[in-house]
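Just add 3 to wherever you are in the sequence shown, counting from 1, and you've got the numbering used here.
Every residue, glycine too, gets a C-beta built ideally from N, C-alpha and C.
Please read these numbers as outputs of a predicted model, since none were measured by experiment.
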Amino acid sequence: MAVDGDAEQNYKPQKKKTATDEEKRKKKIVPGSLMKALIRPGGGDATPADGHQAVYHCTIRTLDGVVVESTRSEFGGKGTPTRHVLGKSKMILGLLEGIPTMLKGEIAIFKIKPELHYAEDHCPVSVSESFPKDAELHFEIELIDFSKVKARILNSLSIMYLCGTLSLKCSSLIELGETSRHPMAASMFPYFVKVYTKVQVISEDLGVLKKVIDEGQGWESPREPYEVKAWISAKTGDGKSIISRTDGEPFFFTFGKSEVPKGLEMGIGTMSRQEKAVIYVTSQYLTRCPLLPVVEGIDEVHFDVELVHFIQVRDVLGDGRLIKRRVHDGRGEFPMDCPLQDSLLRVHYKGMILNEEKNVFYDTKVDNRGQPLMFSSGEGLVPEGFEMCVRLMLPGEIALVTCPPDYAYDKFPRPSNVPEGAHIQWEIELVGFETPKDWTGMSFRSIMDDVEKTKGTGNRLFKEGKFELAKAKYEKAFRDPISVNVELCQWLTLLVLREFNHVNPQDDDEGKEFSNTRNLLNLNVAACLLKMGEWKKSIEACNKVIEANPGHVKALYRRGMAYMSAGDFEEARNDFNKMMSIDKSSEPNARAALLQLKQKEQVSKENIKCTAFLFYMVFINLIETVCLLLDKQEVERKARKQFKGLFDKKPGEIAEAGVDDKAEEISTKNFECDNLDDTDSIKEEEEVHQAAAPRHTGFLSQLWSSSRSLFTALGVQRCTIL
Numbered sequence: 004m005a006v007d008g009d010a011e012q013n014y015k016p017q018k019k020k021t022a023t024d025e026e027k028r029k030k031k032i033v034p035g036s037l038m039k040a041l042i043r044p045g046g047g048d049a050t051p052a053d054g055h056q057a058v059y060h061c062t063i064r065t066l067d068g069v070v071v072e073s074t075r076s077e078f079g080g081k082g083t084p085t086r087h088v089l090g091k092s093k094m095i096l097g098l099l100e101g102i103p104t105m106l107k108g109e110i111a112i113f114k115i116k117p118e119l120h121y122a123e124d125h126c127p128v129s130v131s132e133s134f135p136k137d138a139e140l141h142f143e144i145e146l147i148d149f150s151k152v153k154a155r156i157l158n159s160l161s162i163m164y165l166c167g168t169l170s171l172k173c174s175s176l177i178e179l180g181e182t183s184r185h186p187m188a189a190s191m192f193p194y195f196v197k198v199y200t201k202v203q204v205i206s207e208d209l210g211v212l213k214k215v216i217d218e219g220q221g222w223e224s225p226r227e228p229y230e231v232k233a234w235i236s237a238k239t240g241d242g243k244s245i246i247s248r249t250d251g252e253p254f255f256f257t258f259g260k261s262e263v264p265k266g267l268e269m270g271i272g273t274m275s276r277q278e279k280a281v282i283y284v285t286s287q288y289l290t291r292c293p294l295l296p297v298v299e300g301i302d303e304v305h306f307d308v309e310l311v312h313f314i315q316v317r318d319v320l321g322d323g324r325l326i327k328r329r330v331h332d333g334r335g336e337f338p339m340d341c342p343l344q345d346s347l348l349r350v351h352y353k354g355m356i357l358n359e360e361k362n363v364f365y366d367t368k369v370d371n372r373g374q375p376l377m378f379s380s381g382e383g384l385v386p387e388g389f390e391m392c393v394r395l396m397l398p399g400e401i402a403l404v405t406c407p408p409d410y411a412y413d414k415f416p417r418p419s420n421v422p423e424g425a426h427i428q429w430e431i432e433l434v435g436f437e438t439p440k441d442w443t444g445m446s447f448r449s450i451m452d453d454v455e456k457t458k459g460t461g462n463r464l465f466k467e468g469k470f471e472l473a474k475a476k477y478e479k480a481f482r483d484p485i486s487v488n489v490e491l492c493q494w495l496t497l498l499v500l501r502e503f504n505h506v507n508p509q510d511d512d513e514g515k516e517f518s519n520t521r522n523l524l525n526l527n528v529a530a531c532l533l534k535m536g537e538w539k540k541s542i543e544a545c546n547k548v549i550e551a552n553p554g555h556v557k558a559l560y561r562r563g564m565a566y567m568s569a570g571d572f573e574e575a576r577n578d579f580n581k582m583m584s585i586d587k588s589s590e591p592n593a594r595a596a597l598l599q600l601k602q603k604e605q606v607s608k609e610n611i612k613c614t615a616f617l618f619y620m621v622f623i624n625l626i627e628t629v630c631l632l633l634d635k636q637e638v639e640r641k642a643r644k645q646f647k648g649l650f651d652k653k654p655g656e657i658a659e660a661g662v663d664d665k666a667e668e669i670s671t672k673n674f675e676c677d678n679l680d681d682t683d684s685i686k687e688e689e690e691v692h693q694a695a696a697p698r699h700t701g702f703l704s705q706l707w708s709s710s711r712s713l714f715t716a717l718g719v720q721r722c723t724i725l
């Protein structure tokens with residue numbers, strides 16, 4: 004449904020829209036294109052603005068009153084109100100301009116021209132083909148609530164009035180503002196407004212709610228495996244105290260270790276430092292733990308929580324091997340003030356071997372004359388685990404890092420006093436860092452000099468075999484943030500990439516230099532991807548150059564090599580031939596590539612033949628096994644029938660030879676199994692074996708003769724072992 008947006012918004016940071024885009028949309032609003040009629044006034048004097056989540060019901064009608072779409076159940080909708088973040092969510096222009104004029108609880112009808120709803124050019128919201136988007140429509144909007152995106156506000160489908168120890172659950176649907184139809188809501192309307200601005204929904208089934216008493220500091224919240232320190236007291240829904248807050252130490256626990264009830268942990272996971280809140284937890288989220296050992300017979304618990312402090316503990320790799328534990332807080336906010344992008348870093352560190360003695364093998368304050376270590380990130384100058392953790396630190400922060408061998412010194416020049424395979428612990432202090440130059444306001448020549456410097460670093464890393472780091476340097480110089488490859492460079496974020504494509508050359512010479520540099524960077528990225536085995540992505544990088552310059556010989560050569568590595572031999576041959584037709588001087592390189600291509604094709608054919616022969620041998624062995632098994636089962640069945648009754652009598656009894664079961668006669672009527680004496684039985688058994696052998700051989704012979712022609716056609720007379 005067009006108006007029924009996602010119930011849960013995705014609040015990932017979006018690329019900021021330029022003022023030009025907003026101005027272009029607003030220019031479409033002309034007098035008479037958007038009109039508003041007030042149906043029911045709202046309360047208060049606050050209206051929603053950009054960055055607020057608006058919760059509203061929407062019913063779309065034609066001018067004749069025919070309902071087209073609606074969020075309301077009485078008009079065929081789901082009954083769930085729409086949630087949109089103004090300025091961030093995809094919305095039609097008419098509502099984007101109209102909703103900020105409404106008060107909470109207000110109902111209004113907006114008369115919107117087609118160009119301001121779904122018929123707008125490049126409308127961000129799509130509708131079905133049957134939707135009358137070219138007609139003028141009425142949008143009936145009831146603004147249920149609005150709030151900052153940070154809080155998930157309790158919606159109107161289930162309202163709980165929470166005040167002190169009182170918990171009243173309204174069984175019928177009570178919508179905020181409909182006081183005339185609900186006397187109880189009318190008498191408690193001020194409290195409902197208070198609840199709407201304070202209560203956050205933690206679990207979808209309303210089993211965990213949080214009411215904020217005092218706002219906290221910052222925005223970071225604890226998560227697994229953070230270490231948390233908090234004052235906690237609790238009482239049941241009827242006011243009985245079950246956990247008392249004492250004057251001793253706050254309760255200390257590790258997040259994610261089930262040391263507190265599940266619902267309480269979910270609520271604390273939404274709190275910030277120094278925040279005070281009441282967390283309401285129902286029975287299904289009350290798990291037994293050291294804090295609350297007895298949960299039987301308790302329907303609801305109200306936890307009064309004051310989050311004193313939490314220690315950031317990060318599982319950097321996600322498998323528990325590389326752990327960063329903050330020992331001393333730094334300056335600023337995480338992660339905005341962290342050196343996420345390549346920077347010049349200054350750190351003090353103490354390196355220890357993780358054993359019982361914790362032998363120190365290096366200390367900058369001792370071994371470096373008290374001077375911090377200075378290095379540029381993104382160049383492989385320190386162990387990978389070391390750099391990954393430093394990127395997540397704030398200036399002035401001290402952290403303790405536990406690192407496995409493969410992220411420490413097993414893949415990095417190892418100090419002489421560090422044994423191979425050693426687990427390492429670093430105590431790191433980020434003294435400070437310098438971020439790269441911002442290209443905003445820089446001249447074209449300064450930008451190109453900076454690009455050349457970055458490219459030179461990438462070339463050095465490429466020669467050292469550090470293809471991922473080299474690729475990151477080339478991408479840093481020109482690539483758009485939206486298309487960042489997170490898999491190949493996991494610790495590089497969107498913030499690290501600059502928009503080289505947005506540089507504006509001032510004349511033809513600068514334009515030519517800009518184009519050549521961009522092509523060269525793209526080809527360097529393609530070379531890195533080719534070395535890393537990412538042939539498809541290497542082809543895509545070459546295509547960017549060929550689209551701009553179809554006759555670029557170097558791009559054709561590199562794309563041909565990528566095609567050849569990927570096994571697309573015909574495409575590779577076309578690129579190499581096109582090289583020679585465009586530039587005769589490239590003929591030696593192209594012919595060498597074609598010779599290599601021919602060899603690869605021959606190897607590929609031999610591999611196909613060998614694989615086909617191996618499959619054939621497996622098939623033959625399988626058939627032989629099945630035939631032998633069937634022959635063996637037939638012999639055993641006849642033997643059991645012949646000697647039936649000889650071994651199932653008690654001692655002294657005489658077996659009745661020659662007695663057959665009627666059922667068995669029916670089941671064996673296709674076989675000659677008359678009552679024979681021992682001599683005949685032995686003869687028959689020999690005959691069976693003799694008969695089975697020719698039949699078995701004949702079958703395989705027929706199979707071989709029929710299959711040989713097929714494999715001969717494929718050229719499989721022998722298997723070449725490569």
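Between Ile147 and Val58, the C-beta spacing is below 7 Å. Here Glu432 has His351, Ile401 as same chain residues with Cβ atoms under 6 Å from its own Cβ, once five neighbours each way along the sequence are excluded. In chain order, Asn522, Val548, Ile549 place their CB closer than 7 Å to the CB of His555, counting only its own chain and leaving out the 5 sequence neighbours on each side. When beta bridges are read from the DSSP output, Arg86 appears opposite Val58. For Ala233, there is no enclosing alpha helix (DSSP H); the enclosing beta strand (DSSP E) has its first and last residue at 230 to 239. Shortest Cα-Cα distance from Ala122 to any of Pro416, His55, Asp48, Lys31 involves Lys31. Annotated three-state conformation of Ser346 is coil, per DSSP. With contacts defined by Cβ atoms closer than 7 Å, Arg329 and Gln315 form a contacting pair. Residue pairing of Arg276 in beta bridges, as defined by DSSP: Gln220. If the five residues before and after Ala233 are omitted, its C-beta is found closer than 7 Å to the C-beta atoms of Pro253, Phe254, Ile271, Val308, Glu309, Leu310, Val311, all from its own chain and listed in chain order. Annotation for Pro225: Val231, Phe258, Ile271, Gly272, Phe313 place their beta carbon closer than 7 Å to its own, counting only its chain and skipping 5 residues before and after. At least 7 Å separates the beta-carbon of Val71 from that of Ile95. For the 7 Å CB-CB criterion, Asp586 and Gly563 do not form a contact. With fewer than 16 other beta carbons inside 10 angstroms of its own, Asn624 counts as exposed. DSSP places Ser150 in the strand class (E or B) of the three-state scheme. Checking the DSSP bridge columns, you'll see Trp429 partnered with Gly354, Val404. Closest option to Pro296, judged by alpha-carbon separation, among Tyr283, Met269, Lys279, Ser261: Ser261. Separation of the CB atoms of Gly424 and Cys406 is rounded to 12 Å, and the pair is thereby denied contact status at 8 Å.
In the structure shown, the three-state DSSP call for Ile271 is helix. Partner residues in a beta bridge of Leu633, as assigned by DSSP, do not exist.
For Lys547, the enclosing alpha helix (DSSP H) begins and ends at 538 to 551. Under DSSP, Ile112 takes part in a beta bridge, and its partners are Ala40, Glu143.
The C-alpha of Gln277 is placed about 11 Å away from the C-alpha of Glu223. DSSP places Met377 within a strand segment (E or B) once states are collapsed to three.
In the three-state scheme derived from DSSP, where H, G and I count as helix and E and B as strand, Glu573 is classed as helix. The alpha-carbon separation between Leu357 and Asp409 amounts to approximately 14 Å.
Burial is judged here by how many other beta carbons sit within 10 angstroms of a residue's own beta carbon; His125 has fewer than 16 and is exposed. In the three-state reduction of the DSSP assignment, Lys31 falls in the coil class, being assigned neither a helical nor a strand state. Burial is judged here by how many other beta carbons sit within 10 angstroms of a residue's own beta carbon; Ile235 has at least 16 and is buried. Between the C-alpha atoms of Glu25 and Ala49 there is a straight-line separation of about 23 Å. Take Ser76, set aside five residues on each side of it, and the residues of its chain with a beta-carbon closer than 7 Å to its own are Gly82, in chain order. Each of Ile63, Gly90, Val528, Arg248 was checked against the Cα of Ala111, and the nearest Cα belongs to Ile63. If you ignore the 5 residues before and after Gly570, its C-beta comes within less than 8 Å of the C-beta of Ser607, all in its own chain and listed in chain order. In terms of Cβ geometry, Lys279 and Asp217 form a close pair [threshold 7 Å]. Between the beta-carbon of Leu41 and that of Gly97 there is about 16 Å, and that puts the pair past the 8 Å contact cut.
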